[in-house]
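Let me begin by presenting the structure, written as structure tokens, before commenting on it.
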Amino acid sequence: MSFDVDSSNAQPQGASPGPVFFDRRELDQMLRIYGRMVAAGEWRDYAMAGGRDHAEFAVFRRHGDAPLYRIEKRPALRLKQGQWAVIGEGGHVLKRGRDLAQVLRVFDSRRFTVVE
Numbered sequence: 001m002s003f004d005v006d007s008s009n010a011q012p013q014g015a016s017p018g019p020v021f022f023d024r025r026e027l028d029q030m031l032r033i034y035g036r037m038v039a040a041g042e043w044r045d046y047a048m049a050g051g052r053d054h055a056e057f058a059v060f061r062r063h064g065d066a067p068l069y070r071i072e073k074r075p076a077l078r079l080k081q082g083q084w085a086v087i088g089e090g091g092h093v094l095k096r097g098r099d100l101a102q103v104l105r106v107f108d109s110r111r112f113t114v115v116e
């Protein structure tokens, strides 16, 4: 097994990089939207998960419900469809792109109401 000497992590060549997660700037953007929606009374909880190929920020109407929306980061798609996606409750992709701020605008363009 050979090691990549240029890398500060000294990972074996061909090995996948560490788990995917959000950086501070990305989290700040997502938490701003979350805070605005909580203040409007529409969202009440969130969860984050990082994995080998993607990271996910999910928002919930109530603690025990299925996620209303998921914001996914998939770096493998950054050159194709864009690494960011907002996915709705039914699994439909609402917005996809290369820039997180652009993708998060999907929450500005609609009037969200709680339906029970």
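1 is the number of the first residue of the sequence shown in the UniProt record's numbering; add one for each residue after it.
All C-beta atoms, glycine included, are put in the ideal place defined by N, C-alpha and C.
Quick caveat, the model's predicted, so the values are computed rather than measured.
Between I87 and A49, what straight-line distance do the alpha-carbon atoms span, to the nearest angstrom?
Numbered from 1 along the sequence shown, position 87 holds the residue referred to as residue 87. Numbered from 1 along the sequence shown, position 49 holds the residue referred to as residue 49. Going by the C-alpha atoms only, they are around 15 Å apart.
Nearest to Y69 by CA position, among R61, A76 and R24, is which residue?
Start at 1 with the first residue of the sequence shown, and residue 69 comes out as number 69. For Y69, the nearest C-alpha among the options comes from R61.
Compare the beta carbon distance of V20 and P67 with 8 Å and say whether it is the shorter of the two.
Residue 20 sits at position 20 when you count from the first residue of the sequence shown. Residue 67 sits at position 67 when you count from the first residue of the sequence shown. Cβ atoms of V20 and P67: not closer than 8 Å.
Excluding sequence positions up to five away, which residues of its chain have a Cβ less than 6 Å from the Cβ of Q102?
The count along the sequence shown starts at 1 and reaches residue 102 at position 102. Nothing meets the Cβ criterion.
Starting from D45, follow its DSSP beta bridges and name the residues at the other end.
As a first step, residue 45 must be located in the sequence shown, where it is residue number 45. Answer is F60.
Should Q83 and R98 be called a contact, given that it needs their Cβ atoms to be closer than 8 Å?
On the sequence shown, position 83 is the one that residue 83 refers to. On the sequence shown, position 98 is the one that residue 98 refers to. Yes, these two residues count as a Cβ contact at 8 Å.
Checking 8 Å against the spacing of the C-beta atoms, do H54 and K80 come in under that value?
Start at 1 with the first residue of the sequence shown, and residue 54 comes out as number 54. Start at 1 with the first residue of the sequence shown, and residue 80 comes out as number 80. Against a cut-off of 8 Å, the Cβ pair of K80 and H54 comes out as no contact.
What is the C-beta distance between A47 and A58, in whole angstroms, given that I count them as a contact (C-beta under 8 Å)?
Your numbering for residue 47 matches position 47 in the sequence shown. Your numbering for residue 58 matches position 58 in the sequence shown. Rounded, the Cβ-Cβ distance is 5 Å, consistent with contact.
Count the other C-beta atoms from every protein chain shown that fall within 10 angstroms of the C-beta of E89, then say buried if there are 16 or more, exposed otherwise.
In the sequence shown, the residue the question calls residue 89 occupies position 89. Flag for E89 reads exposed.
Based on DSSP bridge pairs, tell me the residues matched to I71.
In the sequence shown, the residue the question calls residue 71 occupies position 71. I71 pairs with F57 and V86.
Output the boundary residues of the beta strand (DSSP E) element that contains V106.
Position 106 of the sequence shown, counting from 1, holds the residue named residue 106. From DSSP, V106 is part of no beta strand (DSSP E); its letter is neither H nor E.
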